[in-house]
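J.: As you go down the protein sequences, you meet chains F and D in turn.
Going by my numbering, the first residue of the first sequence is number 1, and it counts up by one from there.
Going by my numbering, the first residue of the second sequence is number 1, and it counts up by one from there.
Note that CB positions come from ideal geometry on N, CA and C, so glycine has one too.
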Amino acid sequence: MLTRFFYMLREGGLKPSITELLALLEAMQSGVAGHSVEDFYYLARAALVKDETKFDLFDRVFAAHFRGIEDAFRDLRAEVPEEWLRRQAELMLSEEERAEIESLGGFEQLMDALRERLEEQSERHEGGNKWIGTAGTSPFGAYGYNPEGVRIGQQGSRHRRAVKVWDRREYRNLDDTVELGTRNIKIALRKLRKFAREGAADQLDLDDTIDKTARNAGLLDIRMVPERHNAVKVLLCLDVGGSMDDHVRVCEEMFSAARSEFKHLEYFYFHNFIYESLWKDNRRRHAERIPTNQITHKYGADYKLVFVGDATMSPYEIVYPGGSVEHWNEEPGAVWIKRLLSTFPKAVWLNPEPQQRWDYTPSIKLTRELMDDRMFPLTVRGLDDGIRKLH
Amino acid sequence: MSQQKFTGTHSYIATDDLMMAVNAAVTLQRPILIKGEPGTGKTQLALEVATALDRPLYEWHIKSTTKAQQGLYDYDAVSRLRDSQLGEERVRDIANYIVRGKIWEAFESDVQPVLLIDEIDKADIEFPNDLLQELDRMEFFVYETRELVKARYRPIIIITSNNEKELPDAFLRRCFFHYIKFPDKETMERIVDVHFPGLKKELLREALQAFYKLRDVPGLKKKPSTSELLDWIKLLLAEDVPPEALRTDDNRKAIPPLYGALLKNEQDVHLFEQLVFLDRRSRTQ
């Protein structure tokens, strides 16, 4: 039974190792967990999953595997599981209603359908006739009109008991493909660290001191070294205005995280695409512009170039002279981005648009080609992958 | 070893899943890694486990400069160098210059101790890897004196992390893991209750309401956590603030009193005041 569960977890994208499985079995043998499914769930989670962003995934696999296996636990202990009854009561069905449920294919099927919908649905919902929410005619939800409806969330805390812990999926928003806060970004950015010693020598280098002293026949010869700093240098180019307005929050977070993380960070703004000039101050974007040429000359190839933008625009804005929506550009954006890329070979483009939509937007496809496919979604996972490319 | 179970203490509320993880780690004598939002009681857990199971506690707080070796022992080369220049007698025995670290101390304990390795993510990325063997076998070798130090009793090792760095897989595989999630209202009431047993019901209700409302304010840089809530209640009690003052639907006092204990970030306070101001204006119009 557990072997199958173990392989299901691995197929599901978790990577528990044999050591961890053995630890779980050992813990079960020594009777740490009682004989309830919940105990087993907690124990298995503590032993097999070492990352809270994977809890949601674990919950889903657990639910899929142990659907119906709760019965096995019941046989094991030869007693009627309380929740089973509680859940039945939760339905609060009268005889007639029960008959109507039969028309839907019976209780089991209703619960299965409910679970499936919970899996599909991730947002709050009101009205309508399919999703789980309030005031609708779907069989699932609260304050609804469907006689065979399953109440959800209508009874406050009483309900909490009825839903299986793993079915509640409380860890959904910790999944690293979804949420992105300043903190998460910082953690991701930290992978882009390269320590180097530079500046004034103000720390005692013990090893070298001992070595030199020994060579100096025991007379002290003190050696100093500079402190270690994160020496990574980053050029950050952010798209502002227009279609980027939807992504302001995530870009702000990205920016504030980057600013506190890197000592050498230079940032510039652009609108839609890169042309012959960029700016540093949004309020004075028309007055104070910095020629792109100046940037390529001023900063060395050791700078890593990061674009943040949705790359969503008309393709003309990239490939034609005069394509820019704001001004007349003598040379097309594609030429400018190639110049930047030849100066800064380490570059990535982070895109806040959901990745599924990339293929349907020609300008994103175009930008991706210009970037040699180094475009990543602006999620923690995408940032991770992107940073790996920057190394 | 007797089978003691950790079930929380009179001053610490442990949820079911936390108890399960701790007990599994204690029984199998493996380290347990605790993660969670700051202020949810990660470090406190080690103190409470030690108290509940009546074990001595060794705390090792990690800083960005901490090396794994320092937990085992340090060879104080500088003292020895100085002593050698002064011609001291003790310089001949290298053992005089071996300074024991926290792990060594825990290994020497006469009863099974609790060892807290606090904020392991602060250290260098390689730090956890350097401790694999020690945590696995519970022994290490002192090269200077050619001595093998072995744990008398395998300590209960509690490791906390703030998730600033990813920990290596090899290290994670050897631990049990628990993520302390932010307590729901019910658990929070129990937590406040063990800290302030005599608290008036209305004050608690109003305080919690104001607190969760504040946590729901969008865009806060640092949401107030359990420890901040406890501090705030302590202040409210000290100032003898009546429960009515906390009611946020009162127009004139829309800012909860002493909110400095809850919001620790200048921008957050600013944002909050702005929201309150806008809210008040829309109400008076």
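Would you list the one or two residues that DSSP bridges to F/Trp-349?
T.: F/Phe-307 and F/Met-375
J.: Run the CB neighbour count on F/Glu-353, radius 10 Å, all protein chains shown included, and call it buried at 16 or more, exposed below.
T.: F/Glu-353 comes out buried.
J.: Which one of D/Lys-102, D/Gly-41, D/Asp-169 and D/His-195 has the shortest CA to CA distance from D/Pro-155?
T.: D/Lys-102
J.: Based on the DSSP secondary-structure assignment, which residues constitute the bridge partners of F/Gln-203?
T.: Paired residues: F/Val-225.
J.: Spell out a yes or no on whether the segment 295-308 of chain F and the segment 344-352 of chain F are touching, meaning 3 or more CB-CB pairs, one atom from each, closer than 8 angstroms.
T.: yes
J.: Quick one: does F/Arg-10 have its CB under 9 angstroms from some CB of chain D?
T.: no
J.: Taking only beta-carbon atoms, is D/Ile-32 less than 9 angstroms away from chain F?
T.: yes
J.: When you compare the CB of F/Ile-337 with every CB in chain D, is at least one pair closer than 9 angstroms?
T.: F/Ile-337 has a beta carbon lying at 9 angstroms or more from every beta carbon in chain D.
J.: Let me know the secondary structure DSSP gives D/Gly-36 once reduced to three states.
T.: Strand.
J.: If the cut is a Cβ gap below 9 angstroms, which residues of chain F does D/Leu-265 touch?
T.: Note that residue 265 of chain D corresponds to Asn in the displayed sequence, not to Leu. Here the premise fails: no neighbours, minimum Cβ distance about 12 angstroms.
J.: Does any residue of chain F have a CB that is nearer than 9 angstroms to the CB of D/Gln-85?
T.: Yes, contact with chain F.
J.: Exposed or buried, D/Lys-263, counting other C-beta atoms within 10 Å across all chains shown (16 or more means buried)?
T.: For the record, residue 263 of chain D in the displayed sequence is Leu; it is not Lys. With 16 or more other Cβ atoms within 10 Å, it is buried.
J.: So what does DSSP say about D/Glu-139, is it helix, strand or coil?
T.: strand
J.: Output needed for D/Ser-227: all residues of its chain with C-beta closer than 7 angstroms, excluding positions within five of it in sequence on either side, in chain order.
T.: Gly-39
J.: If you measure from the beta carbon of F/Ile-210 to each beta carbon in chain D, is any gap under 9 angstroms?
T.: yes
J.: Is the shortest distance between the beta-carbon of D/Lys-181 and the beta-carbons of chain F less than 9 angstroms?
T.: yes
J.: Going straight from the alpha carbon of D/Ala-68 to that of F/Ala-200, what length do you get?
T.: For D/Ala-68 and F/Ala-200, the gap between their C-alpha atoms comes out near 27 angstroms.
J.: Between the segment 11-24 of chain F and chain D, which residues of the former have CB atoms less than 7 angstroms from a CB of the latter, in chain order?
T.: Ser-17, Thr-19, Glu-20 and Ala-23
J.: For D/Thr-9, write down the residues that DSSP places opposite it in a beta bridge.
T.: DSSP output for D/Thr-9 lists D/Tyr-12 as bridge partner(s).
J.: Compare the C-beta of F/Leu-394 with all C-beta atoms of chain D and state if any pair is closer than 9 angstroms.
T.: The displayed coordinates of chain F run from 1 to 391. Any statement about residue 394 of chain F would go beyond what the structure contains.
J.: Leaving out five residues on either side along the sequence, give the residues of the same chain with a beta carbon under 7 angstroms from the beta carbon of F/Asp-208.
T.: Arg-223
J.: Which two residues bound the contiguous beta strand (DSSP E) that contains F/Tyr-42?
T.: No beta strand (DSSP E) holds F/Tyr-42; the alpha helix (DSSP H) holding it covers 37-48.
J.: Below 9 angstroms on C-beta distance, what does D/Thr-9 contact in chain F?
T.: Residues of chain F passing the Cβ test: none, with the nearest at roughly 20 angstroms.
J.: Between which two residues does the beta strand (DSSP E) holding F/Phe-430 run?
T.: The structure shown does not extend to residue 430 of chain F, since chain F spans only 1 to 391, so no value can be given for it.
J.: Could you give the first and the last residue of the continuous alpha helix (DSSP H) run that contains F/Lys-389?
T.: Element bounds for F/Lys-389: 380-390.
J.: Does DSSP put D/Ser-161 in a helix, a strand or coil?
T.: strand
J.: For my contact list, F/Tyr-273 and F/Gly-322 are in at a C-beta cut-off of 8 angstroms; report their separation, rounded to the angstrom.
T.: Here the sequence assigns Phe to residue 273 of chain F, which means Tyr is not the residue at that position. Beta-carbon to beta-carbon, F/Phe-273 and F/Gly-322 are separated by about 13 angstroms, too far to satisfy the 8 angstroms threshold.
J.: Suppose you measure from the CA of F/Phe-255 to the CA of D/Gln-209; what does that come to, to the nearest Å?
T.: 33 angstroms
J.: Please name the residue, chosen from D/Asp-136, D/Asp-83 and D/Ile-233, that lies closest to D/Lys-201 on a Cα-to-Cα basis.
T.: D/Ile-233
J.: With a cut-off of 9 angstroms, does the C-beta of F/Tyr-267 fall near any C-beta of chain D?
T.: no
J.: Chain D partners of F/Gly-213, CB-CB under 7 angstroms?
T.: According to the sequence displayed, residue 213 of chain F carries Thr and not Gly. Going along chain D in sequence order, the residues near F/Thr-213 (Cβ under 7 angstroms) are Leu-81.
J.: Measure the CB-CB distance between D/Ser-225 and D/Ile-34 and report whether it falls below 9 angstroms.
T.: no
J.: Rounded C-beta distance between F/Thr-213 and D/Leu-172? I'm assuming under 8 angstroms.
T.: In fact, because the Cβ distance is near 42 angstroms, the residues do not count as touching under 8 angstroms.
J.: Tell whether a beta-carbon distance below 9 angstroms holds between D/Phe-127 and D/Leu-72.
T.: In this structure, D/Phe-127 lies away from D/Leu-72, with their beta-carbon atoms at least 9 angstroms apart.
J.: Taking contact to mean 3 or more Cβ pairs, one atom from each stretch, closer than 8 angstroms, check whether the segment 117-135 of chain D and the segment 74-93 of chain D are in contact.
T.: no
J.: Ignoring anything shorter than 4 residues or poking outside the segment 148-216 of chain D, list the alpha helix (DSSP H) runs there in chain order.
T.: 169-173, 185-195 and 201-215
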